[in-house]
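A.B. asks: Have a look at the structure that comes next, please.
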Amino acid sequence: MSVQRSTVIFAWILLLPAVLYVLAIVAYPLVDTFILSFTDASLRKTTNWVGWINYEKIFNERFAEVIFRTFIWTFFSVALKMVIGTFGACMLNAAVPGRSLFRLLTMPPWIVPMAIGIFMWGWMYNGQFGMISGMLQRFGLADGPVAFLAYGNTAFWATIITDVWIGVPLVTIYFLAAIQSIPKDLYEAAWTDGAGRWYRFRRITLPLMVPAIITMSMLSLIATFNSFDIIWILTQGGPSGETTTMIIDTYQTAIGSKKYGEGAARAVLICIFLSLFCFAYFRVTRRLNPEKRA
Amino acid sequence: MGQLFLNKVQKFYGDYEVLKGVQLEVKNGEFVVFVGPSGCGKSTLLRMIAGLDATSAGDIVIDGIRVNDLPPVKRGIAMVFQSYALYPHMTVFENIAFPLRVERMEEEKLKAKVENAARILHLEQRLQQKPGMLSGGQRQRVAIGRAIVREPKIFLFDEPLSNLDAALRADMRIELAKLHRQLKATMIYVTHDQVEAMTMADRIVVLDSGDISQTGAPLELYHKPANQFVAGFIGNPKMNFLPVTCKGVGANGVEVDYQGQTAVLPVTPRDGIAGKALTLGIRPEHIQLGGGDIVFKVTPTVIERLGANTVAYASLNGESENFCAMLPGSVGIRADAPVATGINAADCHLFDEAGIAFERRVELTEIDMNVINPTAA
Amino acid sequence: MGQLFLNKVQKFYGDYEVLKGVQLEVKNGEFVVFVGPSGCGKSTLLRMIAGLDATSAGDIVIDGIRVNDLPPVKRGIAMVFQSYALYPHMTVFENIAFPLRVERMEEEKLKAKVENAARILHLEQRLQQKPGMLSGGQRQRVAIGRAIVREPKIFLFDEPLSNLDAALRADMRIELAKLHRQLKATMIYVTHDQVEAMTMADRIVVLDSGDISQTGAPLELYHKPANQFVAGFIGNPKMNFLPVTCKGVGANGVEVDYQGQTAVLPVTPRDGIAGKALTLGIRPEHIQLGGGDIVFKVTPTVIERLGANTVAYASLNGESENFCAMLPGSVGIRADAPVATGINAADCHLFDEAGIAFERRVELTEIDMNVINPTAA
Amino acid sequence: ADKEISWIYCGDTIDPVHTKYIKQWEEKNTGWKIAPEVVGWAQCQDKATTLAAAGTPVAMAYVGSRTLKEFAQNDLIVPVPMTDDEKKTYYPNIVDTVTFEGTQWGVPIAFSTKALYWNKDLFKQAGLDPEKPPKTWAEEIEMAKTIKEKTGIPGYGLPAKTFDNTMHQFMHWVYTNNGKVIDADGKVTLDSPEILAALKAYKDIVPYSEEGPTAYEQNEVRAIFLDGKVAMIQAGSGAADRLKATKISWGITTLPLGPDAKGPGTLLITDSLAIFKGSGVEDKATEFAKFITSPDVQSEYELQGGAGLTPLRPSSKVDEFVAKDPYWKPLIEGISYGGPEPLFTDYKGFQNSMIEMVQSVVTGKAEPEAALKKAAGEIEAFK
Amino acid sequence: MSNAAMIDRYRWWEIILIYCGIAMFLFFVLSPFVEGFLVSLKPLSQLFSSPYRFWPENGSFEAYRTMWISVPGFGRYIFNSFFISTVVTLIVLCLVIPAAYAFAKFEFRGMGILLGAFLTVNMFSGAVLLIPLFRLMRSMGVLNTYLAMIVPGVAFLIPSAIWLLRTYMIRIPQELNEAAYMDGASHFYTLRRVILPIAMPGIIVVAITTFIGAYAQQFIFALTFNSKTEYMPLPVGLFAYFGKQEVIWNELMAASFVGIAPAMVVIFFLQRYLVGGLTAGAVKQ
Ligand SMILES: Nc1ncnc2c1ncn2[C@@H]1O[C@H](COP(=O)(O)OP(=O)(O)OP(=O)(O)O)[C@@H](O)[C@H]1O
Ligand SMILES: Nc1ncnc2c1ncn2[C@@H]1O[C@H](COP(=O)(O)OP(=O)(O)OP(=O)(O)O)[C@@H](O)[C@H]1O
Ligand SMILES: [Mg+2]
Ligand SMILES: [Mg+2]
């Protein structure tokens with residue numbers, strides 16, 4: 038069918054610039070990284086092919102722990118983003134005066150350079166001079182400075198909260214948009230039947246947001262899995278490695294210790310994990326909308 | 145139970161007065177249809193009765209209680225939306241069960257009720273499907289099912305059939321009529337399709353830009369429209385209007401002159417209309433080929449042959465297709481071939497300059513009084 | 145020049161055969177309407193003619209040239225979409241001018257053409273507005289305007305009126321009929337509303353799940369449906385079907401028995417049908433109160449009073465509302481009150497077990513041959 | 117045109133002293149141009165490394181001396197041998213910080229040592245003699261305890277965040293107890309009684325330190341000290357400068373000594389100019405590096421005060437300076453028994469192990485002996 | 314009586330709850346900024362003082378003045394950020410609009426895989442690929458130019474932009490394409506004259522997200538691939554407030570606020586499109 042062939046060719050022409058660009062800029066370093074992962078590349082000028090050794094090295098006990106921690110960290114962060122994003126979207130959707138201002142006010146964490154946002158959180162978490170500790174003491178909820186970044190579990194949560202904070206604006210706005218695209222008459226019908234606000238949220242809003250939630254979960258999963266700056270600036274993976282995630286470990290290995298080969302292997306591993314997520318995502322969305330698009 | 149009273153109900157959007165003091169009483173068990181052209185405020189009025197929109201002024205009284213500030217569920221009404229507003233993520237069963245779940249009805253009773261509703265609406269086979277898999281008519285029935293399980297005092301329908309195709313619409317019309325008889329609930333039905341209005345209503349309320357233009361049984365509106373607006377709106381094809389001059393008033397009615405021909409129309413005369421320009425109304429179905437009290441030649445420009453009848457359109461006085469005649473199916477007319485048509489004075493309507501009708505001296509009993517006021521029967 | 149020939153056109157979606165070898169010839173200047181129930185392949189066929197969908201097998205020939213592999217613009221075709229597909233960001237002028245801009249027509253000529261189209265369609269006042277500000281009927285006319293500026297040989301319409309309300313639909317029907325006469329172009333029109341089909345078509349093509357069921361002038365289909373499917377599909381309300389037994393064959397037609405009453409139907413008999421179960425078809429408008437060749441008592445369950453006529457529905461043989469009669473407007477019947485109805489043998493249709501009609505001995509000339517084949521006139 | 121010597125310069129702006137002498141040098145060496153690139157402290161080291169690793173080294177970069185071994189072993193930098201005369205101009209032990217396999221690999225340009233600061237007001241408040249700072253670890257711990265118990269304010273500011281200076285601070289304790297992490301032959305001697313003693317002292321002083329030491333690095337601890345919320349800290353000259361702006365009455369002394377100490381010690385941290393191999397201008401860069409760190413230039417640069425630098429070389433100017441600002445004295449005194457940052461091939465790996473060790477003791481997760489053993493085992497791999 | 318739809322009418326306690334909810338949410342979102350703002354008002358010497366005082370004692374906007382002096386190039390950094398982001402946004406749009414259109418409107422073999430591949434690119438933070446990227450930039454000869462920041466920036470912003478725009482474009486009715494095709498318009502003409510104008514709200518959304526991505530977040534490329542101070546973007550400029558010994562916190566915070574102000578202004582004017590554009594695009598997928 039000549040008609041269709043020309044269409045396919047046109048589609049590829051449209052895609053080509055973007056594809057070539059990404060291929061040139063990202064694919065090459067990607068392949069480079071992949072090759073590197075089989076070598077002992079370091080600062081030394083000569084590199085040797087070492088086969089699977091780098092991958093074998095990864096699976097020492099410590100790294101298993103890091104992987105596990107990464108998953109937990111990511112899980113909580115993404116889950117919180119979804120919960121807070123949903124909450125925020127619902128609140129900002131309420132027809133109360135000032136809501137467009139409130140919507141604007143959710144944007145700053147997204148706009149501010151990430152490092153700066155993190156520094157501000159660093160201030161907040163500071164036990165001696167920070168706002169949280171200060172307020173807790175002021176209100177008598179703590180009898181001395183509370184150093185949030187000092188202990189494994191508080192630091193763990195502190196980094197998660199900061200990650201959530203950075204991710205929440207986009208999630209909120211996206212969810213807000215999703216909520217607004219739910220037909221209003223569904224709510225009116227439910228209300229006519231006596232469903233209260235909470236009931237309407239639970240039985241209508243939430244189920245109909247599922248596609249948006251899945252999409253956002255996927256996108257923020259990728260971002261969160263790779264979230265580096267937050268942990269690095271706040272704790273550098275400490276104390277005692279309790280906030281070290283895969284990406285931190287990869288950075289420490291590749292950039293800190295200059296073991297480029299081993300670092301590359303870790304990067305490849307991250308990529309494999311994320312590809313699995315992606316794959317799962319596609320499966321799930323296909324099941325959700327089995328019919329092709331309209 | 146299910147008696148509704150609208151007392152000077154008004155609605156403003158900003159400065160714009162959408163409803164201008166609607167006064168209406170709906171009896172228990174009545175099937176009332178709101179008709180009117182697009183934008184006349186039908187949906188707004190319905191939504192105000194439902195409690196979806198706020199009332200700017202006036203009272204909405206249901207069973208003697210002023211409900212202006214009550215939420216819909218407390219008003220004992222159920223509404224079927226034009227878009228059906230089915231929950232896409234729930235099965236038909238859950239959609240119908242929704243109002244009962246809200247009430248936290250216990251599972252067994254709920255199941256019995258939903259199944260009963262499904263039986264009435266012939267949805268038994270569909271209960272486990274999602275709305276996306278249903279046809280338009282089935283969706284419509286699900287929406288109705290959701291309304292009936294609650295056993296409301298009053299049903300509100302906002303153009304429920306307008307998304308359906310003609311055949312389905314006809315079927316659903318019948319089903320709704322039967323449902324009304326079965327449930328004996330008060331129903332208020334909005335449509336801009338006046339065929340629906342004519343066929344389903346006990347009483348039709350014709351709205352004209354925020355005002356009630358006339359209220360009455362379908363055939364009353366058909367035979368005795370109170371004004372030119374109602375006359376034009378009720379009946380399909382539309383009534384033809386011809387400019388006439390009043391020649392005089394007699395015992396038998398009003399004598400009018402149309403292009404030199406005179407006829408005495410059997411309507412109740414009024415004083416001081418002699419010599420005035422009036423409007424004569426004649427329905428297309430009352431135009432016949434050949435003789436009549438007034439005859440004129442027309443050249444049909446468009447002829448629609450529907451099988452059972454034939455509709456001919458013609459220009460009168462140079463205006464575009466302002467004249468329409470509905471003739472028998474096998475009538476021998478052709479486009480562009482002039483024919484002689486005639487009308488009988490008894491079929492004519494007469495309107496004054498303001499569009500107010502002169503009362504026709506039609507004995508509605510002749511037509512079968514029982515039909516005109518079926519609830520009275 | 146706008147002659148179209150479809151030669152054994154087939155369409156597969158995967159294994160599913162949507163069109164099963166459609167064979168059709170459309171004459172230059174003809175107005176052909178495709179009708180058929182939803183999903184029968186009307187849109188698919190139209191889109192294949194347009195060149196939007198590929199043809200799986202068979203030839204599409206326009207003016208003697210096989211166009212299967214040509215893009216739409218080279219086929220000399222314009223299409224009006226059901227959703228109008230107006231460009232929301234362009235003014236009416238730009239929307240209409242779009243095809244000319246594509247051709248890079250020079251500004252002056254373009255302007256003249258657009259203005260001409262706008263005049264034909266009464267859109268002069270709207271040229272600078274955006275589609276969002278127009279009413280449904282106006283949008284529809286813009287879509288047509290975009291089609292006519294290109295001066296195509298063939299117009300394709302896919303349910304162009306289905307989004308409009310009844311009154312507007314009636315108006316647009318007339319305008320389209322006039323436009324056809326004015327442009328003298330070939331038009332192919334898809335609809336599932338058979339009123340539109342009856343009123344507009346020179347020739348109707350009835351499609352039944354991918355096959356042509358019958359082709360013919362509207363009244364030919366009305367009076368002489370080739371099979372039960374067409375008989376049921378053409379005519380509104382739907383034809384009633386009654387189970388009868390063949391008693392025998394005579395010179396005057398076929399003698400059938402319906403619940404003990406016999407009548408001789410004036411149809412061309414076939415051999416070996418005596419004793420067989422057949423189906424008698426009778427249109428609602430041919431049912432009368434009182435006498436007839438076959439009479440039976442029915443109890444109307446639903447009565448629709450449309451003013452000009454009254455439609456009564458009844459259950460026959462315990463099935464739900466399978467019997468419908470169209471009676472005069474002021475007929476004195478009531479729901480749940482039994483009445484005697486009758487039919488005349490001359491009005492009846494007869495179908496064999498496979499649903500194939502026996503040819504009726506109706507003189508179509510009696511009905512006015514000119515109307516049945518207007519192009520021949 | 118001019119030949120360029122690219123220089124990664126850490127900081128926010130080029131020091132005016134350097135600007136002045138760059139100009140001077142460029143005038144003397146026509147046809148040569150110094151092209152400094154100012155990179156923030158947090159990233160400058162990584163940037164130089166990335167450039168070198170990618171094969172486009174800069175001519176010269178400001179790097180921590182600790183990385184010199186790594187660079188040298190990977191053949192990224194050229195040696196910058198010093199003549200004995202040159203070596204002699206420096207304070208003792210300083211040359212060691214840039215020495216590896218018998219030759220020098222960088223020119224020291226910045227130097228810092230630490231001393232003990234104490235808050236006299238708090239001492240007084242706790243009933244201690246405000247003029248008598250602790251001389252030994254035992255006294256230090258004891259005083260910290262007293263202060264904490266008497267005033268409720270922590271006695272000691274202990275930085276233990278996952279940060280390089282956590283190890284630095286610990287190294288002060290190592291060098292004030294005659295400890296050594298790695299000996300001249302490259303043998304790891306971490307698991308030694310001296311260092312164990314230091315680790316134990318850490319464990320002992322934690323209860324009297326600020327809440328959550330693992331949340332603070334050195335500068336933050338210093339800020340707490342400046343706020344009067346901790347009584348003693350180990351800090352460099354920068355603290356003195358800042359203390360002047362506060363109402364605190366304070367003292368400074370050499371770091372308290374451990375049981376095995378031979379004399380006042382401190383960790384000697386130097387930053388050096390490293391000359392990268394492959395830039396094509398190695399010789400001229402070396403020449404410039406020596407010039408910009410020559411005694412006159414250097415003393416002008418480091419004695420501006422406030423930057424936290426300790427003088428690299430003794431000189432009359434330094435003496436004048438010390439006379440004027442006596443707080444310099446303990447900072448310089450420590451040099452005599454001080455030690456360099458231990459040089460490891462994978463310095464970061466080593467550092468991480470050390471931090472981990474300190475943190476596990478500070479948080480009470482591990483006993484000093486076990487932590488030390490574990491770390492000693494780990495760092496073997498980073499040599 | 315208010316004219317708000319009845320369903321949106323709240324009882325007094327619901328209003329209170331909603332405002333409480335919004336307050337909680339905004340508190341979470343904004344409290345670091347409050348802290349940051351207070352820091353920017355405090356004199357450096359007072360920054361580190363306890364007990365915690367919410368209102369700075371003798372706070373002033375002094376830092377907003379001195380920040381320009383401490384880092385004289387700061388205005389330039391903002392300009393650079395603006396410039397780089399604008400160019401990046403333009404390039405991204407040029408590449409992404411056709412690609413998103415192809416993904417949205419055509420069905421062809423390998424589309425799913427390709428789309429997945431684009432998502433994969435999203436997975437790599439530039440940090441991991443830094444050294445190979447550096448080599449690439451060097452061989453392209455764009456080190457130490459604006460391009461050094463623009464080229465990789467574009468690459469890493471393309472994938473999410475394609476995702477966003479594609480979901481938007483899917484919702485443009487197919488009939489519009491078909492109508493244009495019927496009229497003989499070429500694919501390209503259709504894209505330019507029909508799709509592009511209609512997709513404008515979606516394009517604006519993508520432009521905003523891309524702009525912000527480039528404005529504030531592309532730190533690492535700037536740092537590694539560019540050595541020229543005069544080309545540095547805002548985030549690098551902010552790091553100029555970090556000294557070896559000390560961070561000039563108050564000026565850093567002041568500078569941050571000044572730095573994000575332009576982007577906030579942009580958002581302020583475009584936020585209507587932001588929510589609206591996403592609305593149209595957010596439903597499916
Ligand atoms: N939220 C609103 N703000 C302002 N005007 C409105 C609003 N909603 C409706 N209107 C106006 O009120 C009038 C009545 O609207 P309504 O929807 O009740 O008409 P309708 O009779 O239902 O028409 P249709 O048959 O087209 O549904 C219209 O002119 C409309 O423009
Ligand atoms: N892309 C497709 N893939 C598979 N089947 C299709 C596709 N498009 C249409 N069909 C099927 O082809 C048949 C004919 O569809 P078509 O749209 O032509 O029907 P139609 O007669 O126009 O119906 P309607 O009156 O509802 O518009 C339907 O059964 C439909 O399910
Ligand atoms: Mg309405
Ligand atoms: Mg169709």
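Those sequence lines, one after another, are chains F, B, S, E and L.
Letter by letter, the first sequence follows residues 38 to 331 in the numbering used here.
Letter by letter, the second sequence follows residues 145 to 521 in the numbering used here.
Letter by letter, the third sequence follows residues 145 to 521 in the numbering used here.
Letter by letter, the fourth sequence follows residues 117 to 499 in the numbering used here.
Letter by letter, the fifth sequence follows residues 314 to 598 in the numbering used here.
Think of the CB as a built atom: it goes at the ideal place given N, C-alpha and C, for glycine as much as any other residue.
1) Taking the continuous alpha helix (DSSP H) assigned at arginine 219 (chain S), which residues delimit it?
2) Which complete beta strand (DSSP E) runs does the stretch 286-317 of chain S hold, if anything under 3 residues is left out?
3) Identify, in the order they occur along the chain, each residue of the same chain with its Cβ nearer than 8 Å to the Cβ of glycine 276 (chain B), setting aside the five sequence neighbours on each side.
4) Short check: CB of valine 616 (chain L) to CB of tryptophan 562 (chain L), under 7 Å?
5) Classify glutamine 167 (chain S) as helix, strand or coil using the three-state DSSP reduction.
6) To the nearest angstrom, report how far apart isoleucine 193 (chain E) and isoleucine 349 (chain E) are at their CA atoms.
7) Would a check of beta-carbon distances place valine 434 (chain L) closer than 7 Å to chain F?
8) Could you check what DSSP says for histidine 336 (chain B) in three-state terms: helix, strand or coil?
9) Could one say the Cβ of lysine 277 (chain E) lies closer than 7 Å to chain L's Cβ atoms, at least one of them?
10) Thinking C-alpha only, which one of S:His430, S:Gly436 and S:Thr330 is nearest glutamine 405 (chain S)?
11) Ignoring anything shorter than 3 residues or poking outside the stretch 344-374 of chain E, list the beta strand (DSSP E) runs there in chain order.
12) Counting along the chain, where does the alpha helix (DSSP H) carrying cysteine 160 (chain E) start and finish?
13) Give the straight-line distance between the Cα atoms of glutamine 467 (chain E) and asparagine 281 (chain E), rounded to the nearest whole angstrom.
14) Is it the case that the Cβ atoms of valine 321 (chain S) and valine 446 (chain B) are separated by a distance below 7 Å?
15) Could you please give me the residues that DSSP links to asparagine 453 (chain S) through a beta bridge?
16) In whole angstroms, what is the alpha-carbon distance linking valine 596 (chain L) and proline 248 (chain F)?
17) Among S:Ile209, S:Gly180, S:Ala421 and S:Gly394, which has the Cα closest to the Cα of valine 408 (chain S)?
18) Quick one, which of E:Lys445, E:Glu202 and E:Thr146 has its alpha-carbon nearest threonine 409 (chain E)'s?
19) Roughly how many whole angstroms lie between the Cα atoms of cysteine 468 (chain B) and glutamine 372 (chain S)?
20) Which residues, in order along the stretch 330-342 of chain B, keep a beta-carbon less than 7 Å from a beta-carbon of chain S?
21) What residues does ligand 1 have around it, judged by CB closer than 5 Å to any heavy atom, in chain order?
22) What are the boundary residues of the beta strand (DSSP E) that cysteine 126 (chain E) is part of?
C.D. replies: So, from the data block:
1) For the purposes of this step, residue 219 (chain S) is identified with residue 75 of the third sequence, where counting begins at 1. From DSSP, the alpha helix (DSSP H) with arginine 219 (chain S) extends over 216-219.
2) 298-302
3) Residue mapping note: residue 276 (chain B) aligns to position 132 of the second sequence, counting from 1. Result list for glycine 276 (chain B): Pro232, in chain order.
4) Since the first residue of chain L shown is 314 and the last is 598, residue 616 (chain L) is not available in this structure.
5) What you label residue 167 (chain S) is simply residue 23 of the third sequence in a count that begins at 1. Strand, per DSSP.
6) Within the fourth sequence, residue 193 (chain E) is the residue found at index 77, counting from 1. Within the fourth sequence, residue 349 (chain E) is the residue found at index 233, counting from 1. Near 37 Å, if we compare the C-alpha coordinates of isoleucine 349 (chain E) and isoleucine 193 (chain E).
7) Counting from one through the fifth sequence, the residue named residue 434 (chain L) turns up at place 121. So yes, valine 434 (chain L) belongs to the interface.
8) Counting from one through the second sequence, the residue named residue 336 (chain B) turns up at place 192. It is coil, neither helix nor strand.
9) The count along the fourth sequence starts at 1 and reaches residue 277 (chain E) at position 161. No, because no Cβ of chain L sits closer than 7 Å to the Cβ of lysine 277 (chain E).
10) In the third sequence, residue 405 (chain S) corresponds to position 261, counting from 1. For the residues S:His430, S:Gly436 and S:Thr330, the minimum Cα distance to glutamine 405 (chain S) belongs to S:Gly436.
11) 348-351 and 366-369
12) Residue 160 (chain E) sits at position 44 when you count from the first residue of the fourth sequence. 157-169 is the extent of the alpha helix (DSSP H) around cysteine 160 (chain E).
13) Locating residue 467 (chain E) in the fourth sequence gives position 351, where the first residue counts as 1. Locating residue 281 (chain E) in the fourth sequence gives position 165, where the first residue counts as 1. Distance between the alpha carbons of glutamine 467 (chain E) and asparagine 281 (chain E): 10 Å.
14) On the third sequence, position 177 is the one that residue 321 (chain S) refers to. On the second sequence, position 302 is the one that residue 446 (chain B) refers to. Checking the sequence shown, residue 321 (chain S) turns out to be alanine, not valine. In this structure, valine 446 (chain B) lies closer than 7 Å to alanine 321 (chain S) by Cβ.
15) Mapped onto the third sequence, residue 453 (chain S) falls at position 309. Per DSSP, S:Pro472.
16) On the fifth sequence, position 283 is the one that residue 596 (chain L) refers to. On the first sequence, position 211 is the one that residue 248 (chain F) refers to. Unreliable placement is indicated for valine 596 (chain L), whose pLDDT of 31 sits below 50; the coordinate value is still reported in the next sentence. About 8 Å.
17) On the third sequence, position 264 is the one that residue 408 (chain S) refers to. Among S:Ile209, S:Gly180, S:Ala421 and S:Gly394, the Cα nearest to that of valine 408 (chain S) belongs to S:Gly394.
18) Taking the fourth sequence and counting its residues from 1, one reaches residue 409 (chain E) at position 293. The candidate whose alpha carbon is nearest that of threonine 409 (chain E) is E:Glu202.
19) Against the second sequence, residue 468 (chain B) aligns to sequence position 324. Against the third sequence, residue 372 (chain S) aligns to sequence position 228. Going by the C-alpha atoms only, they are around 33 Å apart.
20) The stretch 330-342 of chain B vs chain S, Cβ under 7 Å: His336, Asp337, Val339 and Met342.
21) Going down the chain, each residue whose beta-carbon is closer than 5 Å to a heavy atom of ligand 1 shows up: B:Tyr157, B:Val162, B:Ser182, B:Gly183, B:Cys184, B:Gly185, B:Lys186, B:Ser187, B:Thr188 and B:His336.
22) Here residue 126 (chain E) corresponds to residue number 10 of the fourth sequence, with the count starting at 1. Residues 119-126.
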